[in-house]
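Just add 20 to the spot in the sequence shown (first one is 1) and you have the working numbering.
Beta carbons are placed, not taken as given, at the ideal position from N, Cα and C, and that holds for glycine.
Being a predicted model, the structure only gives us computed values, none of them experimental.
Below is one structure, written out as structure tokens; the observations come after it.
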Amino acid sequence: MEPEPDVPLVDRPAVELAALVAAREVSSRELTRACLERIDAVNGHVNAVVTLDADGALAAAAAADDRLVRSGPDGPLHGLPALHKDTHLTAGMRTTHGSPLMARHVPRTDDLVVARMAAAGAIRLGKTNTPEWAAGSHTVNPVFGATHNPYRPGHSAGGSSGGAAAALACGMAPLAEGSDMGGSLRNPASLCNVVGLRPTPGRVPSYPAPLSRQVLAVQGPMGRTVADVALLLSVLAGPDPRAPLSLDGPFVAPRPDVDLRGLRVAWAPDLGGRIPVDPGPAAVLADVPGVFTGAIGAEVTADCPDLDEADDVFTTLRAWQFLTGLGPVVDAHPGQVKATIHGNVDAGRRLTVADLTRAHLAQSRLHEVVADFFTRYDVLACPAVQVEPFPVEQEYPDTVAGVAQPDYLGWMRSATLISATGCPALSVPAGFTAAGSPVGLQLVAAPRAETRLLEVAAAFEAATGHGRVRP
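This is the structure in structure tokens:
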């Protein structure tokens with residue numbers, strides 16, 4: 021299998037590169053050098069990779085090539101360079117969380133997602149940029165500065181996995197991982213024209229995790245194609261005894277030839293009137309129903325589950341998690357933590373037992389709502405992001421489609437409302453605005469239905485081809 025001569029090696033899909041390396045048609049050293057050269061050429065413009073270990077990556081690639089000759093591939097990611105989010109522990113490589121307090125922190129152990137990728141044969145290139153303590157969907161922090169959108173320099177790449185999305189779009193690595201509480205995999209994927217999947221809680225176990233039974237924050241895969249995301253999910257998924265909510269059984273990869281005629285799609289361009297959407301993204305997404313009915317043969321119905329309690333579930337449980345995770349940091353270093361984190365921690369301190377009881381009961385009702393909804397539909401289609409990329413100097417958009425937003429979470433509600441449901445969701449490229457900004461379509465499926473979700477996303481991807489447009 022030879023790469024097409026007019027497409028650089030680093031811009032090829034991860035699934036193709038994995039096959040080339042396994043067949044010894046491309047060496048891991050060759051691929052790793054190509055990624056390092058791309059990083060050297062473009063990272064200064066986008067600031068996506070904030071820690072790089074070129075020598076270590078090349079040594080690991082050479083060792084991977086030698087092992088391939090001696091004993092075959094280590095796993096499905098053998099010899100593939102990969103990037104890790106700077107909130108995920110990497111043994112011997114600094115992990116800063118975008119905070120000056122952690123700027124020199126070098127952990128001794130790996131997060132489980134990092135360890136699983138290494139065990140599958142991935143080559144660790146380095147770390148990707150994130151907002152301070154991963155708070156917010158704009159990737160900027162006082163340690164490394166802002167990540168720029170590869171398609172709109174000077175504008176946001178989203179967040180909190182913004183460095184990962186920008187790096188993928190630029191061909192710095194074929195695979196990256198991230199995390200998502202309120203859209204941190206879907207938001208940057210949408211703004212950077214790549215694919216980001218928020219799995220069902222427990223599909224990708226998190227360890228270490230102080231709040232091991234929470235279900236808002238998850239870790240998951242990012243890639244340039246749906247098949248690449250499925251490949252990485254196959255490595256990250258699976259139970260771990262240290263993660264009490266981890267799902268048993270392996271992830272079943274989607275079939276490439278599945279017939280989706282008759283697929284039942286619920287179309288909610290404003291989530292049932294619950295969110296405003298800027299004119300640019302709204303115009304792009306207006307073509308979505310026609311793609312599903314014309315190219316895929318689906319049945320599209322305007323409908324949306326009842327998400328009226330989702331805001332309370334998300335904001336209450338999020339505030340509780342901020343208090344638990346970052347309250348001690350704010351108390352110990354009040355002058356070295358950004359104001360929005362202070363605000364979230366303060367919101368957590370104001371919570372009562374009655375507030376938490378109400379949110380947990382509402383979360384249970386919300387699960388029943390979506391379980392019933394997905395007996396009638398296979399997927400929900402809706403916006404991944406409500407705005408076009410905004411200037412990197414702006415912390416967050418305070419208006420959407422002319423509507424003032426009450427706080428810095430307002431412009432993210434297309435994602436946060438879905439997070440509260442516990443459903444798997446992803447962003448897949450859907451087109452470009454007149455200004456050249458990428459727009460992602462958010463697809464949502466029933467809890468634990470990642471396989472069907474990826475099948476639908478792959479069909480949409482094949483029908484449109486927007487993800488093939490590189491910056």
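Where residue i sits in the DSSP three-state scheme
{"i": "L188", "result": "helix"}
{"i": "Q414", "result": "coil"}
{"i": "Q462", "result": "strand"}
{"i": "C55", "result": "helix"}
{"i": "L337", "result": "helix"}
{"i": "E319", "result": "strand"}
{"i": "P491", "result": "coil"}
{"i": "P301", "result": "helix"}
{"i": "M113", "result": "strand"}
{"i": "R218", "result": "strand"}
{"i": "G240", "result": "strand"}
{"i": "F312", "result": "helix"}
{"i": "V278", "result": "coil"}
{"i": "F271", "result": "coil"}
{"i": "V420", "result": "strand"}
{"i": "S48", "result": "helix"}
{"i": "H104", "result": "strand"}
{"i": "P208", "result": "helix"}
{"i": "S447", "result": "strand"}
{"i": "T436", "result": "helix"}
{"i": "D200", "result": "strand"}
{"i": "T453", "result": "coil"}
Contact under 8 Å by Cβ, residue i with residue j
{"i": "E481", "j": "T453", "result": "no"}
{"i": "F312", "j": "A306", "result": "no"}
{"i": "P101", "j": "A185", "result": "no"}
{"i": "G95", "j": "A140", "result": "yes"}
{"i": "T150", "j": "G174", "result": "no"}
{"i": "P403", "j": "Q462", "result": "yes"}
{"i": "V304", "j": "V459", "result": "yes"}
{"i": "G222", "j": "L267", "result": "yes"}
{"i": "V297", "j": "P170", "result": "no"}
{"i": "T159", "j": "G191", "result": "no"}
{"i": "S48", "j": "A81", "result": "yes"}
{"i": "K105", "j": "G216", "result": "no"}
{"i": "Y428", "j": "E413", "result": "no"}
{"i": "L280", "j": "E475", "result": "yes"}
{"i": "L97", "j": "M137", "result": "yes"}
{"i": "P309", "j": "W287", "result": "yes"}
{"i": "V41", "j": "L29", "result": "no"}
{"i": "V35", "j": "A189", "result": "no"}
{"i": "S176", "j": "L205", "result": "no"}
{"i": "L103", "j": "T148", "result": "yes"}
{"i": "V70", "j": "G182", "result": "no"}
{"i": "L265", "j": "R233", "result": "yes"}
{"i": "N207", "j": "S254", "result": "no"}
{"i": "A401", "j": "A330", "result": "no"}
For residue j and residue i, the rounded distance between their alpha carbons
{"i": "F394", "j": "A466", "result": "6 Å"}
{"i": "L51", "j": "A187", "result": "15 Å"}
{"i": "A257", "j": "A263", "result": "12 Å"}
{"i": "A445", "j": "D392", "result": "17 Å"}
{"i": "H362", "j": "R218", "result": "26 Å"}
{"i": "Q425", "j": "R433", "result": "10 Å"}
{"i": "L478", "j": "A54", "result": "At residue 478 the sequence reads Ala, which differs from the Leu that was named. Near 27 Å, if we compare the C-alpha coordinates of A54 and A478."}
{"i": "D290", "j": "L132", "result": "36 Å"}
{"i": "G442", "j": "D328", "result": "15 Å"}
{"i": "D60", "j": "A155", "result": "28 Å"}
{"i": "T471", "j": "V224", "result": "14 Å"}
{"i": "H387", "j": "I438", "result": "11 Å"}
{"i": "L343", "j": "G368", "result": "5 Å"}
{"i": "A68", "j": "R32", "result": "19 Å"}
{"i": "F164", "j": "Y397", "result": "44 Å"}
{"i": "P449", "j": "A352", "result": "42 Å"}
{"i": "P228", "j": "L252", "result": "20 Å"}
{"i": "P230", "j": "G282", "result": "44 Å"}
{"i": "R468", "j": "G487", "result": "25 Å"}
{"i": "L109", "j": "R128", "result": "8 Å"}
{"i": "A38", "j": "T419", "result": "43 Å"}
{"i": "T107", "j": "P162", "result": "15 Å"}
{"i": "A209", "j": "V350", "result": "30 Å"}
{"i": "R370", "j": "V389", "result": "29 Å"}
{"i": "G430", "j": "A483", "result": "32 Å"}
{"i": "P93", "j": "V272", "result": "21 Å"}
Closer than 8 Å to chain C by CB, residue i
{"i": "P230", "result": "Of the chains in the structure shown, none is chain C; there is only one protein chain."}
ask   = In chain order, which continuous runs of the beta strand (DSSP E) of length 3 or greater are located wholly inside the region 124 to 198?
value = Runs found: 143 to 148.
Touching by the beta-carbon criterion (3+ pairs, under 8 Å), the region 129 to 148 and the region 104 to 120 = Short answer: they touch.
message = If contact is defined by three or more beta carbon pairs under 8 Å, each pair taking one atom from either stretch, is the region 121 to 129 in contact with the region 238 to 245?
response = Look at the beta carbons and you see the region 238 to 245 not touching the region 121 to 129: under three pairs across the two are nearer than 8 Å.
Those runs of the alpha helix (DSSP H) which lie wholly inside the region 331 to 412 and span at least 4 residues = Under the rule that a run must span 4 or more residues, the alpha helix (DSSP H) segments found entirely inside the region 331 to 412 read 359 to 369 and 373 to 396.
query = Taking three-plus beta-carbon pairs below 8 Å as touching, is the region 376 to 383 in contact with the region 328 to 342?
reply = Contact holds: three or more Cβ-Cβ distances are below 8 Å.
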